[in-house]
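Enquirer: Residue numbers (my numbering), protein chains in the order written: chain A, 5 to 141; chain B, 44 to 158.
Got a structure for you, written out below as structure tokens; questions coming shortly.
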């Protein structure tokens, strides 16, 4: 109030930065929290479409299966037999995580089933298959 | 300090990835409860390696799965659905079948593969 009164009287004291600073730091904390927890596969695949697909807020471990059967986790290609070890390690780090398998439309169902089984053996029971709703394209 | 904080903020906004993971949930049979072929209580849907969908020994269109599931769930109201997919079947068709079964009102879906 003191500063504002002064500035209205013509003295140049600048604006009050405290509310903006609070707001900025809140935004900063928000972005820090939301960024680091998602394990991106690092490739794009054509997801199948499903009208009834549900949003999974805790589904933050993404396993991508390409058309030719390659598996990508956390921006690198892995072998099927490595999946179990990776899931065990990640499950210990953050036990609440769930896995979403992003399978290409043309990927083999047998491969998807094998990856689901490996993830389960790794200790993560909450597994779903990714699908885009029509609206999401 | 304010400059530094705003720089950090811009950095995190740029690197932020907004992943909206939408997915369908399916069960997998555990080793002890293998899919029973003559289990009349579960609705069986077969997906062949060329993407054809078979229900009741008939080849049907993917979009007709919903009607078939609704009809069969009227006969067995507490039945689950068993999707028997060939290992070489495209997973896109499997997800479409799951979607149709959801539309038919059943969310208890088990997904298994055959050779």
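Heads up, the beta-carbon is just placed ideally off N, CA and C, and yes, glycines get one too.
If we call anything under 8 Å between Cβ atoms a contact, is residue 68 of chain A one with residue 47 of chain A?
Expert: The residue given as residue 68 of chain A occupies position 64 in the first chain. The residue given as residue 47 of chain A occupies position 43 in the first chain. Against a cut-off of 8 Å, the Cβ pair of residue 47 of chain A and residue 68 of chain A comes out as a contact.
Enquirer: Quick check on residue 64 of chain A: does DSSP put it in helix, strand or coil?
Expert: Walking along the first chain from the start, residue 64 of chain A turns up at place 60. Here residue 64 of chain A sits in strand by DSSP.
Enquirer: Alpha carbon to alpha carbon, how far is residue 71 of chain A from residue 51 of chain A? Give it in angstroms, no decimals.
Expert: Numbered from its first residue, the first chain carries residue 51 of chain A at position 47. Numbered from its first residue, the first chain carries residue 71 of chain A at position 67. The alpha-carbon atoms of residue 51 of chain A and residue 71 of chain A are separated by roughly 11 Å.
Enquirer: At a Cβ threshold of 8 Å, is residue 27 of chain A touching chain B?
Expert: Locating residue 27 of chain A in the first chain gives position 23, where the first residue counts as 1. Chain B contact via Cβ: absent.
Enquirer: Look at the alpha carbon of residue 118 of chain B and the alpha carbon of residue 84 of chain B, and state the distance between them as a whole number of angstroms.
Expert: Walking along the second chain from the start, residue 118 of chain B turns up at place 75. Walking along the second chain from the start, residue 84 of chain B turns up at place 41. Distance between the alpha carbons of residue 118 of chain B and residue 84 of chain B: 10 Å.
Enquirer: List the DSSP bridge partners of residue 66 of chain B.
Expert: Taking the second chain and counting its residues from 1, one reaches residue 66 of chain B at position 23. Residue 66 of chain B is bridged to A:58, A:134.
Enquirer: So, is residue 81 of chain B buried or exposed, given that buried needs 16 or more other C-beta atoms within 10 angstroms?
Expert: Stepping through the second chain from its first residue, residue 81 of chain B is reached at position 38. Per-residue confidence for residue 81 of chain B stands at a pLDDT of 49, beneath the threshold of 50, marking its modelled position as unreliable; the derived number appears in the next sentence. Residue 81 of chain B is exposed by the Cβ-count criterion.
Enquirer: Closer than 7 Å, Cβ to Cβ, to anything on chain B: give me those residues from the region 83 to 102 of chain A, in chain order.
Expert: From the region 83 to 102 of chain A, no residue has a Cβ closer than 7 Å to chain B.
Enquirer: Between the C-alpha atoms of residue 18 of chain A and residue 32 of chain A, what's the straight-line distance to the nearest angstrom?
Expert: Residue numbering aside, residue 18 of chain A sits at position 14 when the first chain is read from its first letter. Residue numbering aside, residue 32 of chain A sits at position 28 when the first chain is read from its first letter. Taking the straight line joining both Cα atoms gives about 24 Å.
Enquirer: Spell out the partners DSSP gives residue 84 of chain B in its beta bridges.
Expert: The residue you call residue 84 of chain B lines up with position 41 of the second chain. Answer by DSSP bridge pairing: none, since residue 84 of chain B is not bridged.
Enquirer: Contact defined as beta carbons within less than 8 Å: I believe residue 112 of chain B pairs with residue 96 of chain B. What is the distance between those atoms, to the nearest angstrom?
Expert: Position 69 of the second chain, counting from 1, holds the residue named residue 112 of chain B. Position 53 of the second chain, counting from 1, holds the residue named residue 96 of chain B. Residue 112 of chain B to residue 96 of chain B, Cβ: 11 Å. No contact.
Enquirer: Can you give the Cα-Cα distance for residue 125 of chain A and residue 77 of chain A, rounded to whole angstroms?
Expert: The residue given as residue 125 of chain A occupies position 121 in the first chain. The residue given as residue 77 of chain A occupies position 73 in the first chain. Distance between the alpha carbons of residue 125 of chain A and residue 77 of chain A: 16 Å.
Enquirer: Comparing the C-beta of residue 86 of chain B with each C-beta of chain A, is any distance below 8 Å?
Expert: Within the second chain, the letter at position 43 stands for residue 86 of chain B. So, not an interface residue.
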